[in-house]
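Residue numbers (mature numbering (1 follows the signal peptide of the UniProt record, and there is no 0)): -23 to -1, 1 to 454.
Think of the CB as a built atom: it goes at the ideal place given N, C-alpha and C, for glycine as much as any other residue.
This one's a predicted model, so the numbers in the text were calculated from it and none came from an experiment.
These notes are about the structure you will find just below.
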């Protein structure tokens, strides 16, 4: 390898335009900020081509760059992969193959001297997609905040598995602050930069740079929007099944005097997996204090909507009504009432989360049409529900069934007198702007009590018969 001689540089940043078209038809990321070499250090001192250490199979529009230099020309090539868009800038974008190793090469010419830089990037397989389910699909007992910035200089990551092979255009999150509770926020909330990063492909599944896309949001508290939808100036096509990270960094000039919190669901019992359908690796909150390492916040589930060009995914539940559980015993029952929209749904199992508080009788799980016509029912033994602990259990039906599109149904939970179970729902954030793709949009939770006149929606904050909460459940094939 030829080296630059008698030319010394120091590094700063410059934005270089590099546009292209992805295999899915979406545009590539826009200008990329890359180091510029000026007097102080040679290009050889910077090491190698900068790009993620690992990439997911089939991932597109992955940034690679070398430090830029005035008067230099660049020529990129790739083996076992493809280049996308402009290949004569200090920054380029490439697409990963299905397997193997991508080898990137950049020939840099300056003052007639050519230096060739090469970097090999292993390709890791994407994880199996989380199966589609029909229901709320999440569990929680409360909400919990994670500070971005603040005295610990926390950086936070929301790790997620992409549902779609499609450009990620934006996302909705849940900020939280309080004028009375200490530790949630300070000052004006700071300025939060959000970077979209690839996963490092290791068993720890930590963020791996450089950023695929970035955006920022500042002056947060005065804007008084707890649920902002943020967009990327240049959407990046993600690979369905691949793991990615939204990394939140407080870039305020005084991040101790100006910080904010992200709010998420919190589940008390540290089960594995924590959620009934989604693998722990596929949806999680990570954080890294100053001087520390990345680690998972156990029990935390992002409240996050991800908006692609072709659809949305995520968790749009933004409140937990655990302070108002309803009893299941004798004539007192709970149910989810719903009417199927979209396609018909096959199921052979129903996953449920609730607690047994007394007795040893079974929990009866009944699926019926709205007029009472039975579909099927099964009894779950009390042993599946540890007393006093919210737990998931699975009702397995002898036969598979179809929930037909356009038909109304009830999922009814009951138990014999002398045995008591308790259930509480999750509150949907549809009125806060979250998409119907992030919650169960087809129904709501109800209860009836001994001597009560029929079914009614949950009551909360002194308001009866509310219709924007769901039991913690999921129909699965």
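Quick check on DSSP: helix, strand or coil for residue i?
| i | result |
| --- | --- |
| residue 252 | coil |
| residue 320 | coil |
| residue 409 | helix |
| residue 200 | helix |
| residue 118 | coil |
| residue 258 | helix |
| residue 314 | strand |
| residue 168 | coil |
| residue 263 | strand |
| residue 442 | strand |
| residue 175 | strand |
| residue 107 | coil |
| residue 360 | helix |
| residue 415 | helix |
| residue 389 | strand |
| residue 158 | coil |
| residue 382 | coil |
| residue 272 | strand |
| residue 14 | Low confidence applies to residue 14: its pLDDT is 37, below 50, so where it sits in the model is not reliable, and the reading given next is rough at best. Strand. |
| residue 9 | Caution applies to residue 9, whose pLDDT of 46 falls short of 50 and renders its modelled position unreliable; the value that the coordinates give is listed next. Three-state result, residue 9: strand. |
| residue 355 | strand |
| residue 127 | coil |
| residue -2 | The predicted position of residue -2 is uncertain, since its pLDDT is 27 and thus under 50; a value taken from the coordinates is nonetheless stated next. Looking at residue -2 - three-state DSSP - the assignment turns out to be coil, as it is neither helix nor strand. |
Would you mind sorting residue i into buried or exposed? The rule is 16 or more other CB atoms within 10 Å of its CB.
| i | result |
| --- | --- |
| residue 440 | exposed |
| residue 88 | exposed |
| residue 449 | buried |
| residue 308 | exposed |
| residue 228 | exposed |
| residue 12 | With a pLDDT of 46 at residue 12, under the threshold of 50, the modelled position of that residue is not reliable, and the figure given next carries that caveat. Looking at its Cβ environment, which holds 16 or more other Cβ atoms inside 10 Å, residue 12 is buried. |
| residue 44 | buried |
| residue 158 | exposed |
| residue 322 | buried |
| residue 232 | buried |
| residue 202 | exposed |
| residue 245 | exposed |
| residue 109 | exposed |
| residue -2 | At residue -2 the pLDDT is 27, less than 50, meaning the model places this residue with poor confidence; the figure from the coordinates comes in the next sentence. Counting Cβ neighbours within 10 Å, residue -2 comes out buried, since at least 16 surround it. |
| residue 438 | exposed |
Would you kindly report the start and end of the unbroken beta strand (DSSP E) that includes residue i?
| i | result |
| --- | --- |
| residue 433 | 433 to 437 |
| residue 291 | 289 to 292 |
| residue 136 | 132 to 138 |
| residue 26 | No beta strand (DSSP E) holds residue 26; DSSP gives it neither H nor E. |
| residue 236 | No beta strand (DSSP E) contains residue 236, which DSSP labels as neither H nor E. |
| residue 149 | 143 to 150 |
| residue 220 | 220 to 227 |
| residue 343 | 340 to 346 |
| residue 425 | 420 to 425 |
| residue 68 | 68 to 72 |
| residue 213 | 206 to 215 |
Quick one: what's residue i bridged to in DSSP?
| i | result |
| --- | --- |
| residue 50 | 86 |
| residue 369 | 330 |
| residue 38 | Answer is none; residue 38 lacks a bridge partner. |
| residue 96 | 81 |
| residue 184 | 176 |
| residue 404 | 296 and 446 |
| residue 242 | 120 and 278 |
| residue 32 | 100 |
| residue 61 | 70 |
Relative to the C-alpha of residue i, which residue among the options is closest?
| i | options | result |
| --- | --- | --- |
| residue 454 | 37, 138, 419 and 112 | 112 |
| residue 73 | 41, 432, 281 and 173 | 41 |
| residue 457 | 355, 93 and 132 | Residue 457 is absent from the model: the chain starts at -23 and stops at 454. |
| residue 384 | 357, 341, 423 and 319 | 319 |
| residue 52 | 27, 92 and 163 | 92 |
| residue 197 | 191, 205 and 190 | 205 |
| residue 141 | 76, 181, 221 and 85 | 221 |
| residue 463 | 413, 436 and 412 | Only positions -23 to 454 of the chain appear in this structure, which leaves residue 463 out of reach. |
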